[in-house]
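With the sequence shown counted from 1, adding 61 to any position gets you this note's numbering. Each residue gets a CB set at the ideal place from its N, CA and C atoms; glycine is no exception.
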Amino acid sequence: MITYYFNNKADDKGRHEVHERTCRYLPENKTEIGVFSSCQDAIRQAKLQHFQKEFDGCFWCSRSCHKG
């Protein structure tokens, strides 16, 4: 199980990037999503809690959720 966070600052496409706790690109300005077995589950939960935000997986640590 992995602890996931999202960047409080949206990227240039308006998405908040989701990172694993151990990601070297984990930002200082982050919000914890929780502990999950996959980035898909973490993003699903983030959308439930923050329905007004869009999310994208980090290219480096959550590549299977990365939209580009």
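Other residues of its chain near residue i: CB distance less than 6 Å, five sequence neighbours each side excluded
i          : result
residue 63 : 81
With 16 other Cβ atoms within 10 Å as the buried cut-off, status of residue i
i           : result
residue 96  : exposed
residue 117 : buried
residue 86  : exposed
Test item: CB-CB of residue i and residue j under 7 Å
i          : j          : result
residue 92 : residue 67 : yes
Coarse secondary structure for residue i, derived from DSSP in three states
i           : result
residue 108 : helix
For residue i, the first and last residue of its enclosing beta strand (DSSP E)
i           : result
residue 97  : 91-97
residue 82  : Careful: residue 82 lies outside any beta strand (DSSP E) and carries neither H nor E.
residue 131 : Outside the shown range of the chain (62 to 129) lies residue 131, about which nothing can therefore be said.
Cβ neighbours of residue i in the same chain (closer than 7 Å, five flanking residues each side left out)
i           : result
residue 123 : 79, 80, 81, 100
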